[in-house]
Amino acid sequence: MKKTSTKNSSRSLCMAMACKASWRSFYALLLPLLFLLLSQAAVTATGQQQQQWSQEACAPFSCGLFHDISHPFRQTIDPPQCGDRMYELTCDGNKATISIGSTHYLITQLSYKSGTIHLVDPKFTSGSCGLPSQSLSPSDLSSSGFDHYQNGWWASFMSCRRRIEAQSLYQLVPCLSNKNNTFVYRQK
Numbered sequence: 019m020k021k022t023s024t025k026n027s028s029r030s031l032c033m034a035m036a037c038k039a040s041w042r043s044f045y046a047l048l049l050p051l052l053f054l055l056l057s058q059a060a061v062t063a064t065g066q067q068q069q070q071w072s073q074e075a076c077a078p079f080s081c082g083l084f085h086d087i088s089h090p091f092r093q094t095i096d097p098p099q100c101g102d103r104m105y106e107l108t109c110d111g112n113k114a115t116i117s118i119g120s121t122h123y124l125i126t127q128l129s130y131k132s133g134t135i136h137l138v139d140p141k142f143t144s145g146s147c148g149l150p151s152q153s154l155s156p157s158d159l160s161s162s163g164f165d166h167y168q169n170g171w172w173a174s175f176m177s178c179r180r181r182i183e184a185q186s187l188y189q190l191v192p193c194l195s196n197k198n199n200t201f202v203y204r205q206k
């Protein structure tokens, strides 16, 4: 019997050691998991605090005739974390402008709902007749942070010494034509 009890006690001892080993493995798995959960909670809380601070520091602003302007737009006086520098607005009286290349374009419409902004070359705001301040292509707009829509149209201006007969393709720009025997056309 003693041999059996020794066998039983050694089995009990082995089971107890296995239990200790399994508890150790359990804790070995539990501690990193607990650490990850606590770290994630701290990161989430910090992120929420930063977002709240950022929202308070980057309050919506008015510029020209537009109100409640916010991200991605910014003003030159905004802290660095506010808005995107590519969308920095200049506010002058009742006018809001944005710079693309070397030209400050007048903003005539700004809609967060449709995600659109309408810009006008300053040379065309007074009703005067002139060529655009600079040449812009869709790739110029994309590199400036703007997406362009294919449902719009692009104007190409050409100056010719003689009249173009293909009037179905080109439209004469009267206010720019007949100066020094030149004819300026816009592609239709």
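Using our numbering, the first residue of the sequence shown is number 19, and each one after it goes up by one. Positions of the beta carbon are idealized from the N, C-alpha and C atoms, including for glycine.
Give the DSSP-derived three-state secondary structure of Ala75 in the structure shown.
-> In this structure, Ala75 counts as helix in the three-state DSSP scheme.
How many angstroms separate the CA atom of Lys141 from the CA atom of Thr134?
-> If I take the Cα positions, the gap works out to 22 angstroms.
In this structure, does DSSP put Gln99 in helix, strand or coil?
-> Three-state result, Gln99: coil.
Quick one: what does DSSP say Cys193 is sitting in, helix, strand or coil?
-> Helix.
Touching or not, the stretch 77-91 and the stretch 114-123, by the rule of three or more beta carbon pairs under 8 angstroms?
-> Contact holds: three or more Cβ-Cβ distances are below 8 angstroms.
Cys178 - partner residues in DSSP beta bridges = The beta-bridge partner set that DSSP reports for Cys178 consists of Phe201.
Taking 7 angstroms as the cut-off, decide whether the C-beta atoms of Cys178 and Cys147 are in contact.
-> Not closer than 7 angstroms, so no.
Thinking C-alpha only, which one of Cys109, Arg103, Ala75 and Ile87 is nearest Leu128?
-> Ranking Cys109, Arg103, Ala75 and Ile87 by Cα distance to Leu128 puts Ile87 first.
Express the C-alpha separation of Ile182 and Ser195 in angstroms, rounding to a whole number.
-> Those two C-alpha atoms are separated by around 12 angstroms.
Endpoints, beta strand (DSSP E) assigned at Tyr123 = Tyr123 -> beta strand (DSSP E) spans Thr121 to Ser129.
Using a Cβ-Cβ cut-off of 8 angstroms (strictly less than) and excluding sequence neighbours within five positions of Arg103, which residues of its own chain qualify?
-> Excluding residues within five positions, the ones whose Cβ falls inside 8 angstroms are Arg92.
For Leu187 and Arg180, the rounded distance between their alpha carbons = C-alpha of Arg180 to C-alpha of Leu187: approximately 16 angstroms in a straight line.
State the DSSP-derived secondary structure class of Phe142, mapped to helix, strand or coil.
-> In this structure, Phe142 counts as helix in the three-state DSSP scheme.
8 angstroms Cβ shell around His89 - same chain, five flanking residues per side excluded | So the qualifying residues of the chain are Cys76, Cys100, Gly101 and Asp102.
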